[in-house]
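Residue numbers (the numbering used here), protein chains in the order written: chain A, 7 to 498; chain B, 7 to 498.
Ideal Cβ placement from N, Cα and C applies to all residues, glycine included.
This report refers to the structure that appears directly beneath it.
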């Protein structure tokens, strides 16, 4: 059918075309069917939506992803992509070949799959898992579908935490240690999805984080390291599209996560990677056995991709550091770099940095680099290169002016500090949008407290958000205290 | 955030709202996030899309499902629906309770789930199955989510085939037999999705099939039976929405299918149901054991819903009847009603009708009602009540004027007639849109043929479609002939 196409300014994800209902009936297509649009000698695929009035008979409105199409087009029914049948195979628990995964990744890249198909792919991985061969092929396909960075320096390193632990802001400490030791470390991080802050959100307190690839090259050339938002660069973009459908369903299948992490690192040109796998109650990985299994997968898949991947299995059942929320975490980071700060954050950062240095055959220890001030100097250089103030002090960092303390209701021992509830309390207070919002923990699990001891202090930038965070914290009790004579976790 | 809402004529499935990118950033929402829209004292949920130009800052475009919203509104971020976490549970293979399934069905009814979530629900059922209790609860929820019909007549019966067999047009024979015997049979049927014709498409050759519930009542009052398109009435509308995402992925999990079928029958007020379960190579159900298991599920779930469900396990490895395609199937139907026609179609219709009559305690046999002309008389009454010509003869039925025959390439025995390839050949010829398009089979599996014997004849309404169907048939060989000395199915 010949139609006249006009761009319409709607930013749909998929390449959507809006047809008049009468034309759709004539073509025999329904909403969400695919059509092929021939225009100027090339053919693209569009997903159908219908209208009675917005688009006249004989016309075709094309949304922003197809905005280059304008004028006479020929529209025909398109077949379902072959990747749809591969997804069906995976649902039937049949292992997919490299070319099948490649076709799926290519179709995701070009937004040729509907949300329903993309979701089926993710759930098939969730329910049936991925073999190591599949993880390797998926990672390779995802790398090939995006931009890649290469470096003159022989050894390019990176670190990544699989997440789930509140606070845990080790990256802004590990990266300057590595950079100070001469290791090239092009670190990209995410923003918060359900947590109180992502590393990118916290770094934004100090400097710009939305850099393009050329700007990243300049920063690295100057300082060896960078700490930027991964969403600003086109490294493994298919991974971002997969995460978009995983998030609403809280799906994060291990095989997919390994492919996700390693595709980002491989695309960034890293060959030495340290992965932080926190485990325990309330972490993403619940048991030490599961953490070991994941570490083994990371190691094997990394080898197949010519990367040395070392895993640090860490305790993840409570937050790391004192501050939760961008500005409050930034204070912890600056404290540690200046030789103070929370001991748990300092120690974990040193351990991870030592693994990274050792993988890169560096002789200096992380503790030396931290203690003699080289890490702080490197940190200031990196934030200067990212347009931040290198002379930043704690007093410059944002902190909410409305505060409230949450106290123990009894004397006893701190028995639990729940990552999710701690994050959510900080979010109610305004994190990550309000840079000064969040909370600071006054205790760790195992600490003895008296009745009325402060457990944590909430900071907010408005009174309403403070009240909401206090209300939430009183109701959900993110930090629990048990009597010294209580052995029961729960009566059922 | 206060915005000014204006309806925009785009018929999205989900209630979509289009925000200016700047307002979305201020609100902290991304594409596909949910927002709550307060308007005139009531609150509705919308799914977010973004634009830079179509909608100004401070404005909100609402698509057709939200077309009643106009003027000042307050927009806030909406939480994910609780049914999303129930879907997650089902993905983890945890049995869902009645209230959880009810919440999912309600959210599907009101289009509150994204396609990604709906797809995850279907794939969770596909990979983890449904317990009988879950099927019962799902069916009850789907019935409650739509309109229901009630009848004065004590015994209301229905029949249904789970599909997958080409031709197989038994409904227009069984319904008039039952109606002639005094049984109330409000039969709704589907249109073709991947087959050459649905029962509704074939009946449309004779009469109107898009009747509303009041019109159906009138037809039933006059004739005891009807044969209409199910999509025209609001019986179990949630089922239709689930099928929409199942179709592109070719997913049709048994538990979901049982809930689908029985929710339609229950909504139509039927208490005696006969289910046709064809099994065999190329059918939906591959083995006799699987067919028996499904029959047992139908029986148990039916009992829990106060319905008597009898299952007919039938052979499904080849088409039933001679004609494939609306007009050609209609000829077979008229032939059988007039005492002739393909024996396989006639026999199967009689067997199914006898099960239905016996479930309704009718003494007459189907063969009697067919042979003495009462079934034909009832058929003519029904099509008259549905605004068709009661005096229709075979010469009135559409038949493509372009024809070609496909012949055996060797002498031997017909070893295979593949349902899917037979349907696809008919579709290439123009079915179901072209009412005269399709094919007529000249042989059945097991028939001895000479070289150059006609296997089937293709009918089309244009030469192009005829050529395309012939090309497809020559390449894919829907009907295969083996030499009498060949025992191998395949060399591998």
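Helix, strand or coil: which one does DSSP assign to residue i?
i                      : result
residue 238 of chain A : helix
residue 212 of chain A : coil
residue 270 of chain B : helix
residue 136 of chain A : coil
residue 44 of chain A  : strand
residue 96 of chain A  : helix
residue 332 of chain A : helix
residue 36 of chain A  : coil
residue 254 of chain B : helix
For a contact meaning CB atoms closer than 8 Å, what does residue i contact in chain B?
i                     : result
residue 24 of chain A : 16
residue 60 of chain A : 14, 15 and 16
Tell me, to the nearest whole angstrom, how far the beta carbon of residue i is from that of residue j; I am working on the premise that it is less than 8 Å.
i                      : j                      : result
residue 175 of chain B : residue 279 of chain B : With a Cβ gap of about 19 Å, residue 175 of chain B and residue 279 of chain B do not count as contacting.
residue 429 of chain B : residue 172 of chain B : 5 Å
residue 283 of chain A : residue 297 of chain A : 5 Å
residue 61 of chain B  : residue 25 of chain B  : 7 Å
So is residue i buried or exposed if we call it buried at 16+ other beta carbons inside 10 Å?
i                      : result
residue 387 of chain B : buried
residue 324 of chain A : buried
residue 56 of chain B  : buried
residue 458 of chain A : exposed
residue 352 of chain B : buried
residue 347 of chain B : buried
residue 454 of chain B : exposed
residue 146 of chain B : buried
residue 137 of chain A : exposed
residue 498 of chain A : exposed
residue 285 of chain B : buried
residue 170 of chain B : buried
residue 47 of chain A  : exposed
residue 182 of chain A : buried
residue 293 of chain A : exposed
residue 118 of chain A : buried
residue 208 of chain A : buried
residue 229 of chain B : buried
residue 72 of chain B  : buried
residue 400 of chain A : exposed
residue 36 of chain B  : exposed
Which chain A residues sit within Cβ distance under 8 Å of residue i?
i                      : result
residue 93 of chain B  : 255
residue 439 of chain B : 34
residue 86 of chain B  : 254
Below 9 Å on C-beta distance, what does residue i contact in chain B?
i                      : result
residue 576 of chain A : Outside the modelled stretch of chain A, which goes from 7 to 498, sits residue 576 of chain A, for which no answer is possible.
For residue i, collect the residues of the same chain with a Cβ closer than 6 Å to its Cβ; drop the 5 residues on either side in sequence, then sort them by chain order.
i                      : result
residue 114 of chain B : 244 and 247
residue 305 of chain A : 315
residue 266 of chain A : 245
residue 81 of chain A  : 7, 9, 41 and 43
residue 421 of chain A : 486 and 488
residue 287 of chain A : 323
residue 456 of chain B : 417
residue 380 of chain B : 186
What does a CB cutoff of less than 7 Å around residue i pick up in its chain, not counting 5 residues either side in sequence?
i                      : result
residue 16 of chain B  : 69 and 70
residue 102 of chain A : 92, 95, 96 and 140
residue 202 of chain A : 172, 330, 331, 429, 432, 433, 437, 438 and 444
residue 446 of chain B : 328, 329, 334, 462 and 463
residue 211 of chain B : 332, 333, 336, 403, 404 and 441
residue 300 of chain B : 260, 283 and 291
residue 132 of chain A : 257 and 259
Who are the neighbours of residue i on chain A, taking C-beta pairs under 7 Å?
i                      : result
residue 251 of chain B : 122
residue 126 of chain B : 125, 129 and 255
Along chain B, which residues have their Cβ under 7 Å away from the Cβ of residue i?
i                      : result
residue 334 of chain A : Here the premise fails: no neighbours, minimum Cβ distance about 20 Å.
Taking Cβ-Cβ distances shorter than 9 Å, what residues in chain A pair up with residue i?
i                      : result
residue 90 of chain B  : 254, 255 and 256
residue 447 of chain B : Correct list: empty, because the minimum Cβ distance to chain A is about 25 Å.
Can you list, in chain order, the residues of its chain whose CB lies under 8 Å from that of residue i, leaving out five sequence neighbours each side?
i                     : result
residue 32 of chain A : 7
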